[in-house]
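Per full-length UniProt numbering, the very first residue in the sequence shown carries number 1; after that it's consecutive. Even for Gly, the Cβ is constructed at its ideal location relative to N, Cα and C. None of these values were measured; they are calculated from a predicted model.
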Amino acid sequence: MNAEIDILEMLSKKPHPNIVEYPGCFRDGDCILIKGGVPANQRPPFDADEVIS
Numbered sequence: 001m002n003a004e005i006d007i008l009e010m011l012s013k014k015p016h017p018n019i020v021e022y023p024g025c026f027r028d029g030d031c032i033l034i035k036g037g038v039p040a041n042q043r044p045p046f047d048a049d050e051v052i053s
């Protein structure tokens, strides 16, 4: 996972329109926390009944 993050960090310095936008992340050993969130047009639909059951 760290190798992929390193590549995305490199790409974020010179973004390309055909490559996904990378918001960045915080790393602490094996723990990874992604900055930002999923854009609204890329979120899966929310089904409250499925979550509650």
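Alpha carbon of residue i to alpha carbon of residue j, nearest angstrom
{"i": "I19", "j": "D47", "result": "30 Å"}
{"i": "V51", "j": "P44", "result": "13 Å"}
{"i": "G29", "j": "H16", "result": "29 Å"}
{"i": "G37", "j": "R27", "result": "16 Å"}
{"i": "S12", "j": "Q42", "result": "20 Å"}
Selection from the options that minimises the alpha carbon distance to residue i
{"i": "I34", "options": "S12, A40, I52 and Y22", "result": "Y22"}
Test item: CB-CB of residue i and residue j under 8 Å
{"i": "I7", "j": "C25", "result": "no"}
{"i": "residue 56", "j": "M10", "result": "No answer is possible for residue 56: it lies beyond the span of the chain, which begins at 1 and ends at 53."}
For residue i, the first and last residue of its enclosing beta strand (DSSP E)
{"i": "I32", "result": "C31 to I34"}
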